[in-house]
Amino acid sequence: MRKDLLSDSKLSSLKNELNQDVSSKDKLETVGKPTLPLEIQGQALMGKMTNETLRADLGRSSWYLLHVMASRYPHDPTKQERDIALGFLNYFSYLYPCGDCAVHFQKHLKKSPPNLDDRDGFEQWLCKTHNIVNKMLGKPIFDCLTVHDQYDCGCGPDLVRYNPEKDRK
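The sequence shown runs 1 to 169 under our numbering.
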């Protein structure tokens, strides 16, 4: 790694930001709406994924990741947390290794923006999105009323805004 990319003061400032206590919603700053730059909207970093077996494996793994993230999303997210989640979904839609899937997801995000107001909203939006894809692929439709239980990861207590320094036991 090139040490000259960040000055010591900038590195120290970044470390302080990473270590700051984010348990209070009032302490978080608004970061804006992270969206893809206009020049890359409707495009994907990767090309078409032609191996159907790998494509199906990637899809299952990706949906699992997204559903578990939604099931652990805060009940009362801050504006910054909502913006981070939106940014993740937007960048995920560009970086996704299946180019066709990525562009379809981008179009869906634009047509039906995610409900990131709370955990239930995110889970329901994601379940409906997953069902749209499943219908297109001729796969079974999920029961969105039980989606939370289906993706309970067993990750431990429902700690939101986890701080390893303070939350260790």
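Every residue gets a Cβ at the ideal spot worked out from N, C-alpha and C, and that includes glycine.
Considering only F105, D57, H75 and E81, the residue with the shortest C-alpha distance to H148 is H75. Residue range E52 to R72 is occupied by the alpha helix (DSSP H) that includes H67.
DSSP places L45 in the coil class of the three-state scheme, outside both helix and strand. Comparing alpha carbon positions, the residue from L89, N51, L126 and M136 closest to C98 is N51.
Here L89 carries a helix assignment [DSSP, helix/strand/coil]. If you look at G154, you'll find it isn't in any alpha helix (DSSP H); DSSP assigns it neither H nor E. Measuring C-alpha to C-alpha distances from L137 to each of H67, L95, H104 and E81 identifies H104 as the nearest. One thing to note: Q124 has its Cβ no nearer than 8 Å to the Cβ of C153. By a beta-carbon distance limit of 8 Å, L45 contacts Y94. Their separation comes to about 6 Å.
Taking a 10 Å sphere around the C-beta of E81, we find 16 or more other C-beta atoms and assign the residue as buried.
By alpha-carbon distance to F92, the top candidate from Q41, R119 and R72 is Q41. Closest in alpha carbon position to D118, among Y64, G47 and R72, is R72.
Runs of the alpha helix (DSSP H) lying entirely within the stretch 87-124 and spanning at least 4 residues, in chain order: 99-111. Note that the C-beta distance between L89 and L109 is below 8 Å.
In the three-state reduction of the DSSP assignment, N134 falls in the helix class. Sorting L116, H130, K48 and Q43 by C-alpha distance to the C-alpha of S62 places H130 at the top.
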